[in-house]
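**Student:** Let me begin by handing over the structure; questions about it come next.
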Amino acid sequence: MFGGFGNNQLNGNGGNDLLDGGNGDDVINGGSQADKIAGNGGDDVLNGNGGDDQIQGFGGNDTLIGSSGNESFFGGNSDDIAFGNTGDGDDIIFGNGGDDFVSSGDGLDQVFLGTGAARVVLTTGEGFDKIFNFDLSQAKFVLGPGLDFGSLDFSDTSQGTEIVGDGDLLAVVVGVQASQIDNADFFTNSVLF
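The numbering of the sequence shown is UniProt numbering, which starts it at 1 and goes up by one.
Have a look at this one:
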């Protein structure tokens with residue numbers, strides 16, 4: 001299903017759907033199966049709903065929302081927001097360009113940050129994120145409820161730096177040493193900074 005020009009709302013059904021919003025600010029809702037959802041131009045809201053979906057923002061400041069499946073998210077070159085959402089799905093999130101906001105949700109997720117000033121949410125009780133391409137010059141972590149910098153522990157492992165909060169593994173940051181991010185400047189409790 002293709003939206004073409006204009007601001008469209010596209011809704012998938014029960015099958016494995018291909019939904020392409022085209023140009024314009026679109027709202028696209030996938031169905032219950034494994035859908036391929038593409039926003040293309042404009043500032044789009046892309047909802048995976050059920051199934052193991054592939055969600056692609058491309059141009060514009062897009063909001064990508066997953067579900068309980070094993071989703072793949074692809075941001076564009078603008079400032080995108082990616083929510084892995086609930087359920088124990090193991091998601092893969094590619095930020096690409098822009099100042100992206102990533103909240104991967106439950107599961108053992110892989111997050112590949114892009115070239116902008118990314119913000120990654122860390123929350124207890126949701127599994128952990130394996131984070132790649134963390135840019136020490138501009139990326140930051142947003143701490144979820146009940147967490148503050150004083151509750152965190154950092155350790156070097158063969159996989160990367162482990163960040164543990166209140167005894168819960170929150171993230172493994174690949175290619176970064178613990179001494180490089182054991183600093184309150186990399187952490188905030190606010191999504192605005």
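Every residue, glycine too, gets a C-beta built ideally from N, C-alpha and C.
Over the uninterrupted alpha helix (DSSP H) stretch that includes residue 179, give me the two end residues.
**Tutor:** 178-181
**Student:** What separation, rounded to the nearest whole angstrom, lies between the Cα atoms of residue 9 and residue 114?
**Tutor:** Between the alpha carbons of residue 9 and residue 114 lies a distance of about 28 Å.
**Student:** Compare the C-beta of residue 168 with all C-beta atoms of chain D and state if any pair is closer than 7 Å.
**Tutor:** No chain D is part of this structure, which consists of one protein chain only.
**Student:** Mapping DSSP to helix, strand and coil, what is residue 151?
**Tutor:** helix
**Student:** Between the alpha carbons of residue 99 and residue 32, how many angstroms are there, rounded?
**Tutor:** 30 Å
**Student:** According to DSSP, is residue 193 helix, strand or coil?
**Tutor:** Because residue 193 sits at a pLDDT of 44, beneath the cut-off of 50, its placement in the model cannot be relied upon, and the point is left open.
**Student:** Going along the chain, which residues of its own chain have a beta-carbon closer than 8 Å to the beta-carbon of residue 69, five neighbours each way excluded?
**Tutor:** Excluding residues within five positions, the ones whose Cβ falls inside 8 Å are 34, 48, 50, 51, 52, 53, 87, 89.
**Student:** Could you name the residues that DSSP lists as bridge partners for residue 134?
**Tutor:** BP columns for residue 134 are empty, so no partner.
**Student:** Short check: CB of residue 144 to CB of residue 121, under 7 Å?
**Tutor:** Yes, these two residues count as a Cβ contact at 7 Å.
**Student:** By the three-class DSSP mapping on this structure, what secondary structure does residue 139 have?
**Tutor:** In the three-state reduction of the DSSP assignment, residue 139 falls in the coil class.
**Student:** Around the Cβ of residue 67, are there at least 16 other Cβ atoms within 10 angstroms (buried) or fewer (exposed)?
**Tutor:** buried
**Student:** If we ignore side chains and look at the alpha-carbon of each, how far apart do residue 112 and residue 129 end up?
**Tutor:** 10 Å
**Student:** What distance in whole Å lies between the Cβ atoms of residue 125 and residue 202, which are believed to be in contact at a cut-off of 8 Å?
**Tutor:** Any answer about residue 202 is impossible in this case: the structure gives the chain only from 1 up to 193.
**Student:** Using C-beta distances below 6 Å, list every residue in its chain close to residue 193, excluding the 5 sequence neighbours before and after it, in chain order.
**Tutor:** Note that residue 193 has pLDDT 44, beneath the 50 cutoff, so the model's placement of it is unreliable and the number below is only indicative. Closer than 6 Å at the Cβ level, and outside the excluded window around residue 193, lies no residue.
**Student:** Here's the rule: buried if 16 or more other CB atoms are within 10 angstroms of the residue's CB, otherwise exposed. What is residue 6?
**Tutor:** exposed
**Student:** Determine the direct distance from the alpha carbon of residue 65 to that of residue 19, and round the result to whole angstroms.
**Tutor:** 15 Å
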